[in-house]
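Right, one structure below, let's go through it.
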Amino acid sequence: MSLSQDQTILSLLLLLAICGLVAAYTSSFEPNLSPAVSAANLSQISSEVRLSRAKRIAIYNGQGVVKFVVSIAHPIKLIEKEHSFWFFYNLQSQYIPTTIPLYWWSFWNTTTFVSTARQLRKGMHATLHRDDTRRWVYDTIEAGMAILAGNERGANCLLRSICEISQLPFENSNIYSEILNAVLIPTADNVAEKYINARDAGRAGADCLKTYDNCSEKTWNLLTNINKLNL
């Protein structure tokens with residue numbers, strides 16, 4: 001054999017000897033228990049420790065959907081079998097299950113559903129950030145309307161505008177209409193409550209003229225004339 005082969009064999013034998021010594025040492029190792037911690041004490045300590053686990057409950061963490069599907073299938077047979085097909089009528093409705101477990105006895109306890117709704121609403125508002133940009137735009141519009149009217153009544157015309165446009169949004173396909181719809185209709189409840197109330201009043205079909213009758217007539221007529229020129 002060559003010198004390199006001899007060195008390889010010696011290295012393998014040395015590695016096997018080291019592994020044998022380690023195995024023999026670990027198998028013969030016995031822990032030295034002090035009198036304070038004897039085998040009896042260890043068994044007593046282990047008996048005092050009781051493992052416990054909470055009851056397992058299947059909770060959908062917002063990742064699943066409960067779906068109800070009703071469908072009717074009708075075969076359409078043609079002369080050529082390869083060209084035949086099926087015609088489907090499909091009706092489905094899907095629901096997102098709550099992340100809070102509900103039990104059958106909760107149907108007789110209305111406070112359970114009230115607290116569940118409050119927790120869900122609280123979590124939604126926690127993730128809803130305030131729209132500072134929209135608030136700045138509304139403050140600027142109110143200041144401009146107050147200057148046009150010469151008094152504070154001009155600022156109330158913004159609430160009437162939100163009410164009117166929320167009730168009947170602009171449908172003309174131009175950039176001016178899209179901007180007015182986007183600015184004057186709050187899409188989320190992250191602005192002042194007075195703007196949200198104006199939007200909800202318009203969507204509910206309220207009489208915006210009577211609801212916000214303190215709007216300056218001079219400012220409102222000016223806004224109406226400007227809209228007629230641009231729309």
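With the UniProt record's numbering applied, the sequence shown covers 1 to 231. Virtual Cβ for every residue (Gly too), placed ideally from N, Cα, C.
Would you decide whether residue i is buried or exposed? Buried here means 16 or more other CB atoms lie within 10 Å of its CB.
i	result
Pro75	exposed
Thr224	exposed
Ser93	exposed
Arg134	buried
Ala73	exposed
Thr140	exposed
Leu42	Residue confidence is low: Leu42 scores 49 on pLDDT, short of 50, so the model does not pin down where it sits. No coordinate-derived value is stated.
Arg130	exposed
In terms of DSSP beta bridges, what is residue i paired with?
i	result
Gln92	Val69
His74	Phe87
Do you know offhand how far residue i's Cα is from residue j's?
i	j	result
Asn151	Cys157	12 Å
Ala155	Tyr195	12 Å
Ile96	Gly202	29 Å
Ile79	Val66	41 Å
Glu142	Phe87	57 Å
Val183	Asp213	22 Å
Ile179	Glu171	12 Å
Asn181	Asn197	17 Å
Thr219	Cys208	15 Å
Cys215	Arg153	5 Å
Pro169	Arg199	11 Å
Lys81	Asn174	51 Å
Lys77	Phe85	7 Å
Pick from the options: whose alpha carbon is nearest that of residue i?
i	options	result
Ser71	Ile196, Glu82, Ala188 and Tyr89	Tyr89
Val137	Ala192, Ser216 and Ser93	Ala192
Gln167	Cys215, Ala204, Phe87 and Arg134	Ala204
Leu160	Ala206, Asn174, Asp131 and Arg130	The question names Leu, but residue 160 in the sequence shown is Arg. Of the listed residues, the one whose Cα sits closest to Arg160 is Ala206.
Phe68	Phe85, Lys77, Leu91 and Glu80	Leu91
Glu217	Asp132, Asp139, Val65 and Ala146	Ala146
Lys210	Ile79, Cys163 and Asp132	Cys163
Ile185	Ile165, Ala149, Asp213 and His83	Ile165
Ala188	Leu148, Asp132, Ile226 and Thr219	Asp132
Leu222	Arg199, Glu82, Ala149 and Pro169	Ala149
Ile226	Ser177, Asp200 and Arg199	Ser177
**Item:** Start-end ranges of the alpha helix (DSSP H) lying completely within the stretch 157-230, minimum 4 residues
**Value:** 175-184, 193-203, 208-211 and 217-230
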